[in-house]
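These notes concern the structure reproduced below.
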Amino acid sequence: MKQQVFPKQFTKEIPKNVGRRFAISDIHGCGKTFIHLVEKILKLTKDDQLFIVGDLIDRGKNPILLIDYIIEKQKEDFQIFVLLGNHEQMLLETYQKNRNQISKKLLAYNYLEDLINKDREIKPKYVAFFNEMFFYIELENCFLVHAGFDINYEPLNGETLFTNAQAMLWVRKFKGNLYKTNQKPVVHGHVVHNLEQIKENLELAKENKTAIVPIDNGCVYVSLGKYQKYKGEIGNLCAVELTEKNNTWELFYTPFRDK
């Protein structure tokens, strides 16, 4: 029987927590950077909730270190919730159509050789990991989604803003009136923004203004020599604190550490 590897649900109701809430996006295989951010800067506890807003894999050298770390922390009852990104979608759709199309060269290029067993099947623990991902999450004070929502999309055949998977994973020019999200800020990744842009949007959210808050600062691209136009304003892995009771919206970040 062919493995079914894809998220089982669009979203999940998140319980209220007594600790803090953080969002991180577009880790892209920077496992060492992520662990440093979580352990040394955020100092995550079991009372906290961490939301990873898609694109854990591709480009960086340590995606398996990253995924294994998250799985172990979840087993230890850390509250870590993972959203699907377009890079996970591409891998899983190729695998579902024909797993033999996932070449050893492709896996090696993205440091994902250990994802697959000798029978060219995704290992069971990673099947379970991918199956538990979501497309978006709604919290009391914001939405979390990988790429964004197509605010101007006119739903067809019963589809809604929150079932338009293509937009949630791929939309790039995410802007417009957020009346369809009840004016809640939307936190997303997918498109690289420099630190100043991220900080400006966080200030809008902090002032209780409707805001689209990008949190992808292109951590992995420093190692790839891309996005040179940003001149040092990229290359960090960012975390935003979303804790509602304090209306925090505080930015934390650490530079690329996966050389």
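If you read the sequence shown in the UniProt record's numbering, its first letter stands for residue 1, the second for the next number, and so on. The beta carbon of each residue, even a glycine, is placed where N, CA and C say it ideally should be. Note that the coordinates shown come from a computational prediction; the quantities given were computed from them, not determined experimentally.
From the options, residue whose alpha carbon lies closest to that of residue i
i	options	result
Leu178	Leu237, Leu251, Ala205 and Gly158	Ala205
Glu200	Leu251, Glu159, Lys75 and Lys173	Leu251
Cys30	Arg21, Tyr69, Asp150 and Thr181	Tyr69
Lys61	Asn247, Leu112 and Lys104	Leu112
Val240	Met90, Leu195, Arg257 and Phe174	Leu195
Leu139	Ile14, Ala211 and Pro7	Ile14
Phe10	Lys104, Leu144 and Asp77	Leu144
Phe256	Gly148, Thr33 and Val192	Thr33
Gly235	Lys12, Lys245, Asp216 and Ile64	Asp216
Buried or exposed (CB count within 10 angstroms, at least 16 for buried), residue i
i	result
Lys259	exposed
Val220	buried
Asp47	exposed
Met90	exposed
Ala23	buried
Asn117	exposed
Asn110	buried
Val18	exposed
Met1	Its pLDDT being 43, under 50, Met1 is placed unreliably in this model, and the coordinates cannot settle the point.
Ile41	exposed
Asp119	exposed
Run of the alpha helix (DSSP H) containing residue i, from where it starts to where it stops
i	result
Pro124	Pro124 to Asn131
Leu237	Leu237 -> not in any alpha helix (DSSP H); beta strand (DSSP E) instead, spanning Asn236 to Glu241.
Beta strand (DSSP E) segment containing residue i, residue limits
i	result
Glu138	Tyr136 to Glu138
Phe252	Glu250 to Pro255
Val220	Counting along the chain, Val220 falls outside any beta strand (DSSP E), and DSSP gives it neither H nor E.
Contact the region 78-92 vs the region 163-180: 3+ CB pairs below 8 angstroms:
yes
Under 8 angstroms, with one C-beta from each stretch per pair, do the region 119-134 and the region 150-163 reach the 3-pair mark?
no
In chain order, each beta strand (DSSP E) run of at least 3 residues that lies wholly inside the region 142-169:
143-145
Inside the region 8-36 only - alpha helix (DSSP H) runs reaching at least 4 residues:
31-36
Could I get the ranges of all uninterrupted beta strand (DSSP E) runs contained in the region 38-122, with 3 residues as the minimum, in chain order?
49-53 and 79-83
Return the chain-ordered ranges of every beta strand (DSSP E) run that is complete within the region 172-205 and spans a minimum of 3 residues.
186-188
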